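For reference, the structure discussed in these notes is given below.
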């Protein structure tokens, strides 16, 4: 078993960062960035446990506070704050504080070579110099507001040739993950694919579609994204409207997919075969890409060209062989010809197109070869190791 990732530290949502500085200009910057991230910080001049003031600090300027033992309700101390922003001016005053994670040293002098020594002395995770690192700092603060836990396992599905069945597999994977109790977001990254919401029978469902996110840049709120999308069959779906827009700007793809991943659980992305800038942005964030290839020679030849482009960006690509035509290739032969690891084989289901036409989404009833493949895939992917088996 080779896990794709290990669980990260979980930060409860709604935490308030701690700011330690006496520099009024730096404090202005930090308060502004906290506001941009939706956070109300506690402000102190020194480590709260070492300060000589009375009650615990609350949001605002120029406060000093006592230690954890004597804190007022709602206040935080050095060890209890989810994130600590230490101004460069205050670094010497916090050198004696207990070592902990989540300490950032923040300054405004871009040319001070000794800042790294001060960072080591206080055990800082990062040194952030403003204004250059403003976006990075907003991200770290926003993680505290949203609650930063383990990111979602993100799986892309792409067809090796036309009509390979990638959208069908993506839909079934998302449905089976949701039925297994995973928080699931299905992202339709193929503007010419007909719409995943249509495949799920929810083209008229209320919620935002891709054109509503076309102007997205920077950080998109993870909870806000999830709540804004149509909910179909216990999963959230980001698809297309019936308008003329057929392009996802790369910045929008990057922001939306990053937000979906921060929400945790599972993200499934249906991808087009042509790797443009937006698709490359998606591939770079995915943990695994499943390429669907029918078991016949012409499909394998086409898939070889698709695989070459995908593997330039994606970290892990595996092939799913769909059925076997009379006189066609078996799954091991397809994987060998492509030089891509085999994720499995999905036999052709004769009755599947008819059930979909009658309104049953792929994998919706948990019966048939497709549902069995998806259930087995998620058992391996979401088992005790929390990773996909190699």
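In this note's numbering, the protein residues as written are 3 to 392. The beta-carbon is built from N, C-alpha and C at its ideal position, and this holds for glycine as well. Just so it is clear, the structure is predicted and the values come from calculations on it, not from any experiment.
Counting along the chain, residue 133 sits inside no alpha helix (DSSP H), nor does DSSP assign it H or E at all. Here residue 297 carries a coil assignment [DSSP, helix/strand/coil]. Per DSSP, reduced to three states, the secondary structure at residue 356 is helical. Looking at the DSSP output, residue 371 sits in no beta bridge, so it has no partner there. Counting only runs of 3 or more residues that sit fully inside the stretch 143-206, the beta strand (DSSP E) segments are 155-161 and 186-190, in chain order.
Within the stretch 215-269, the runs of alpha helix (DSSP H) that reach at least 4 residues and sit entirely inside it are, in chain order, 224-230 and 252-264.
Annotated three-state conformation of residue 332 is coil, per DSSP.
Its chain contains 107, 117 and 121 as the residues whose beta carbon lies nearer than 6 Å to that of residue 129, once the 5 sequence neighbours on both sides are disregarded; these appear in chain order. Under the DSSP assignment, residue 279 falls in the alpha helix (DSSP H) whose first and last residues are 279-287. When Cβ pairs closer than 8 Å are counted between the two stretches, the stretch 194-205 is seen not to touch the stretch 146-160, the count staying below three.
Between residue 93 and residue 127, the CB-CB gap reaches or exceeds 8 Å. Going by DSSP, residue 208 is part of no beta strand (DSSP E) at all; its letter is neither H nor E. For the pair residue 294 and residue 168, the CB atoms are nearer than the 8 Å cut-off. In this structure residue 285 is not in contact with residue 248, their Cβ atoms being roughly 19 Å apart against a cut-off of 8 Å. The secondary-structure analysis by DSSP pairs residue 271 across a beta bridge with 158 and 189. Between the alpha carbons of residue 343 and residue 310 lies a distance of about 14 Å.
Counting other Cβ atoms within 10 Å of its Cβ, residue 245 stays below 16 and is therefore classed as exposed. Minimum Cα-Cα distance from residue 161 among the listed residues 257, 273 and 231 corresponds to 273.
A contact is defined here as three or more CB-CB pairs under 8 Å, and the stretch 17-29 meets this definition with respect to the stretch 42-49. Residue 209 is a Cβ neighbour of residue 231, given a cutoff of 8 Å. Relative to residue 199, the option among 257, 143 and 237 whose CA is nearest is 237. Counting every other CB atom within 10 Å of its CB across the protein chains shown gives residue 241 a total of 16 or more, marking it as buried. For the set 81, 87 and 80, the Cα lying nearest the Cα of residue 41 is the one of 87. Taking a cut-off of 8 Å on C-beta distances, the stretch 319-327 does not touch the stretch 352-370, as fewer than three cross pairs fall below it. When Cβ pairs closer than 8 Å are counted between the two stretches, the stretch 264-272 is seen to touch the stretch 178-195, the count reaching three or more.
CA-CA distance, residue 366 to residue 330, rounds to 29 Å. Scanning 170, 38 and 278 for the CA closest to the CA of residue 146 turns up 38. Looking from the CA of residue 26, the closest CA among 374, 89, 282 and 303 belongs to 89.
Sequence-distant Cβ neighbours of residue 263 in its own chain, meaning closer than 7 Å and more than five residues away, are 153, 154, 156, 269 and 287. By the CB criterion at 8 Å, residue 321 and residue 297 fall outside the cutoff. Of the other Cβ atoms in all chains shown, 16 or more fall within 10 Å of the Cβ of residue 340; this residue is therefore buried.
In this chain, the beta strand (DSSP E) harbouring residue 347 covers 344-348. With 16 or more other Cβ atoms from the protein chains shown falling within 10 Å of its own Cβ, residue 184 counts as buried.
Only exposed fits residue 332, as fewer than 16 other CB atoms lie within 10 angstroms of its CB.
Distance from the CA of residue 304 to the CA of residue 163, rounded to the nearest whole angstrom, comes to 6 Å.
Take residue 224, set aside five residues on each side of it, and the residues of its chain with a beta-carbon closer than 6 Å to its own are 148, 261, 264 and 265, in chain order.
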